[in-house]
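Undergrad:
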Amino acid sequence: MSSVVVFQTYDQLFIGADSAISTTLDDGVTYRLHEMGQKLFVVDDMVIFCSGLMKLAYEIMRQFMAEPNRSLEKLEAIAQKNVKEYGERCDAKEEQFMIDILAGKFENGRTAVYSVSPEDGYKLRVRVLDNPNNFAVWTGGIKTREANEKAFSTFTKTMNVIEMYKKTFDHISYEGIGGQLTVYQLDRDGIRVFLQRAIKEKSRLKRIHLPIEEMFSYERGIEQHLVVAETVVGQLGNFVTMEIGSGNNVTKINTNGISAGHADFNSAPFRLDMKGNLVANSLTANYAKIFSSNFSDGEIVGSSINVGNGQFTVDRSGNMYAGNGKFRGTIDGTTFTGGLIRTSASGRRIELDQRGFRAVDSSGASRISIQTDSDQGIAGIGFNDSGGGWQGQILATSSDLIMNAKNGISINSGIAPTVFESNVQFSRGINMSNIIGLQSELNNLNTQIRGKADIDHTHLEYGVSLAFDPGTRNLKLYNRNGSVLATVNIPK
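As C-alpha cells, this is what we get:
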C-alpha cells in the first residue's frame, strides 16, 4: 500500500510518495514487507506515481518506458490493456488489482496533473489551474481524505511545503505507508529532487520477515501491494483567498466576502459581502428581528413588507408589487400580460411580444419570426439572413399557402424522393435546358433514328404488300407503286 501527495501551483509542482511495500493476508490484516518500493518514476519531462498490485504496476511502467514515444495517451492505453488482460488471466475482480496513476508535468507555461484511475474508467484526466493565485492539493492511494485534510490544513497554517510533506506522511504512516519519503519538484527549469527523509514510523509495526531474495518473488503466493487505490481527492486554495472543496461544491473566503455552493460569488446560494449583506437559500434561526417585523416560528408578523422604498411591497391583503424579479421553479397562472417575454437578455434567444414570435441569433439579428402582420399584411413565418435582411416567408391565406424567397428555393428530401401528391402547374413553363440531360438524350435519339437503313433508300423494286385471289388461287406481291413483282399459285 502507499500514498501520494501532490502540491500544485500555477508554475510549480511537487509530487511526494513513500516507499513502503505491504501485503494483506487472509486474516484481513495488513503487514509490512519492506521499505524498498519504487512509487515515483521520472520519465522524460514527467514524474509518474504508479500504484496498485506491485507486479502489475511495475509491468505497466516497464512497458511504458520501453516505448519510443512515451506520451500520457500511450500510458493510458498500456494501463487499460494490462488491467483487462490481468483480470482475464487471473479471473480476479477489478477491485482486487486496482491501478492508480498520477503524473505531473510542466506544459504550455503552467503545471498539469494527469490521472488514470478506476474511478474514471482508466481514462486520462487532466487538472490545471487557471488562476496564478490558486494552489491545489491532490492525494491518491490509501488514506486519501486523511492525507488531503492534513496536507491542506498544514500548508494553510505554515505556508511551508516541506513542513506540509513531513507532517502529512508522519501523520498517516502505518503498515501500509512509511519508509522513505521522496518529493520531486517540477517547473519550467525541469525536474529535481526536492526532499528526501525517513518517515516517522509507528512503534511495533506488524511485519512479515522474508529473505531479501524472496522480497520480490511471487512464488510464496503473497501479493505485494504498492497501494489499494482509493478515489483521488483534491482541494483548491488561494494565496489571497481560502477555498475548501472544488467546482461548485466549494466554500470561499476572499475579498468579496464569504460564499458557499458555487464557484462564482454572485451565483452562490449563500453569500455574505463585506458590507454585511447576507443572501441565503434557506435560514433556520431561533429568533430574528428585522425592523418592525418579527420572524418567529416560521411566521412573519407585520402589517406589510416594503423593500427599496416601494420597489418590492406586499400589503396586508397579500397583494405584491415588484419592480423587478427573478423566479426559480414553477410559476402557475391563468393569464400573463406583459411587454416582452424572452429566454435571455442577450445572445441567442427566443422573444415574444406584441409583434410576434422571434428566434434571435447571437448578434441580435431576428432570423426566424412568426409575424402577427407581415410586410404584405398577412400573418406568416419570415426568414432573415445574419444581417437581418429579408430572405423569404411562408404565408397562409384562406385559399393558399404561399412560399416566397428573395433568391432561389431548394427542396431536398435526402435519401427518399420528393413526392408531389397533387397536380403541379408551372405558370412560366420549363425550358428544356432546365432539365439536366434532356437535350443530349433527344439529340442521341435523333441520331439513332436517322441512322436506320430505310433513310435515303433508292431501290424501288421491293415488296410492300400481298394479295390472294380465291378464284385463281394466285398470291401476288406488290411494290410501293402498286406493280406486281411476283405471282405464286397455291394449289388446293
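Going left to right, the sequence shown walks through residues 558 to 1049 as my numbering numbers them.
Just so it is clear, CB atoms sit at the ideal spot from N, CA and C, and this is done for glycine as well.
Report the start-end ranges of each alpha helix (DSSP H) in the segment 698-724 that is 4 residues or longer and not cut off at the edges.
TA: Runs found: 701-715.
Undergrad: Quick check: the Cα distance between Ala614 and Gln637, rounded to an integer number of angstroms?
TA: For Ala614 and Gln637, the distance between alpha carbons rounds to 12 angstroms.
Undergrad: Just verifying my parser: in three-state terms, what is the DSSP assignment at Met831?
TA: In this structure, Met831 counts as coil in the three-state DSSP scheme.
Undergrad: Among the candidates Gln737, Val683 and Asn691, whose CA atom is the shortest distance from the CA of Gln595?
TA: Here the closest residue by C-alpha is Gln737.
Undergrad: Taking 8 angstroms as the cut-off, decide whether the C-beta atoms of Arg732 and Tyr588 are in contact.
TA: It is worth fixing the name first, because residue 732 is Glu in this sequence and not Arg. Yes, they are a contact pair.
Undergrad: Can you name the residues that DSSP bridges to Gln737?
TA: Its beta-bridge partners are Ala755.
Undergrad: What does Ile815 pair with, by DSSP beta-bridge criteria?
TA: Beta-bridge pairing links Ile815 to Ile810 and Leu829.
Undergrad: The beta strand (DSSP E) that contains Gly644, what's its start and end?
TA: Note, Gly644: premise wrong, no beta strand (DSSP E); alpha helix (DSSP H) at Leu629 to Cys647.
Undergrad: Do you know how far the Cα of Arg764 is from the Cα of Ser730?
TA: The straight-line gap from Cα to Cα measures roughly 14 angstroms.
Undergrad: Helix, strand or coil for Gly614 per DSSP?
TA: Note that residue 614 is Ala in the sequence shown, not Gly. Ala614 falls in the helix class under three-state DSSP.
Undergrad: If you follow the beta strand (DSSP E) that Ile951 is part of, which residue opens it and which one closes it?
TA: Its beta strand (DSSP E) spans residues Trp947 to Ala953.
Undergrad: For a minimum of 4 consecutive residues, which ranges assigned as the alpha helix (DSSP H) are wholly contained in the segment 967-1028?
TA: With a minimum length of 4 residues, the continuous alpha helix (DSSP H) runs that stay inside the segment 967-1028 are 995-1007.
Undergrad: So what does Tyr731 bridge to, in DSSP terms?
TA: Paired residues: Ile734.
Undergrad: In terms of residue numbering, what span does the beta strand (DSSP E) encompassing Met877 cover?
TA: Start and end: Met877 to Ala879.
Undergrad: Tell me which same chain residues have a C-beta within less than 8 angstroms of the C-beta of Arg667, skipping the five on either side of it?
TA: Answer for Arg667: Tyr567, Asp568, Val685 and Leu686, listed in chain order.
Undergrad: Asp657 lies in the beta strand (DSSP E); which residues open and close that run?
TA: Here the beta strand (DSSP E) through Asp657 covers Ile656 to Glu664.
Undergrad: Which same chain residues end up closer than 6 angstroms to Gly939 when comparing Cβ atoms and leaving out the 5 residues on each side of it in sequence?
TA: Here the set comprises Ser926, Gln928 and Gln950.
Undergrad: Do you know whose CA, among Asp889, Ser861, Gly886 and Asn866, lies nearest Asn876's CA?
TA: Cα-wise, what sits closest to Asn876 is Ser861.
Undergrad: Taking buried to mean at least 16 other C-beta atoms within 10 Å of its own C-beta, is Asn639 buried or exposed?
TA: Buried: at least 16 other Cβ atoms inside 10 Å.
Undergrad: Alpha carbon to alpha carbon, how far is Ser1022 from Gln996?
TA: C-alpha separation (whole angstroms): 38 angstroms.
Undergrad: I need the straight-line Cα distance from Gly814 to Tyr878, nearest angstrom please.
TA: If you take the alpha carbons of Gly814 and Tyr878, they lie about 31 angstroms apart.
Undergrad: Measure the C-alpha to C-alpha separation of Asn941 and Ser970 and round it to an integer number of angstroms.
TA: Near 23 angstroms, if we compare the C-alpha coordinates of Ser970 and Asn941.
Undergrad: Give the DSSP-derived three-state secondary structure of Phe621 in the structure shown.
TA: Three-state DSSP puts Phe621 in a helix.
Undergrad: What does the alpha-carbon distance come out to for the pair Thr954 and Gly890?
TA: If I take the Cα positions, the gap works out to 33 angstroms.
Undergrad: Among residues of its own chain, excluding the 5 on either side of Arg915, which ones have a beta-carbon nearer than 6 angstroms to its beta-carbon?
TA: These residues qualify, in order along the chain: Glu908, Ser923 and Ser926.
Undergrad: Quick one: measure Cβ to Cβ for Ala660 and Ile617, integer angstroms, because I've assumed they're closer than 8 angstroms.
TA: Not quite, the Cβ-Cβ distance comes to about 12 angstroms (not below 8 angstroms), so this is no contact.
Undergrad: Within the continuous beta strand (DSSP E) that includes Val586, where are the two ends?
TA: No beta strand (DSSP E) holds Val586; DSSP gives it neither H nor E.
Undergrad: If you count every other CB in all the chains shown that lies within 10 Å of the CB of Ala693, and 16 or more means buried, which is it?
TA: Counting Cβ neighbours within 10 Å, Ala693 comes out buried, since at least 16 surround it.
Undergrad: Could you name the residues of the same chain whose beta carbon sits closer than 8 angstroms to that of Asn1046, not counting the 5 residues immediately before and after it, in chain order?
TA: Closer than 8 angstroms at Cβ, skipping near neighbours: Thr1029, Arg1030, Asn1031 and Leu1032.
Undergrad: So if DSSP puts Met960 in a beta bridge, which residue, or which two residues, is it bridged to?
TA: DSSP lists Ile951 as partners of Met960.
Undergrad: When you compare only the Cα positions, how much space is there between Asn705 and Val563?
TA: Their Cα atoms are separated by approximately 9 angstroms.
Undergrad: Is it true that the CB of Val740 sits closer than 8 angstroms to the CB of Tyr1051?
TA: The question about residue 1051 has no answer, for the chain in this structure spans 558 to 1049.
Undergrad: First and last residue of the beta strand (DSSP E) that includes Gln911?
TA: It is not in any beta strand (DSSP E) - Gln911 carries neither H nor E in the DSSP assignment.
Undergrad: What did DSSP end up calling Phe726 once you bin it into helix, strand or coil?
TA: Note: Phe726 maps to helix in three-state DSSP.
Undergrad: Check each candidate in Ala574, Arg873, Ser674 and Arg761 and name the one with the smallest Cα separation from Ile734.
TA: Per the Cα distances, Ala574.
Undergrad: Measuring CA to CA, which of Cys607, Ile756, Ala936 and Lys963 is closest to Trp947?
TA: Comparing Cα-Cα distances from Trp947 to each of Cys607, Ile756, Ala936 and Lys963, the minimum goes to Lys963.
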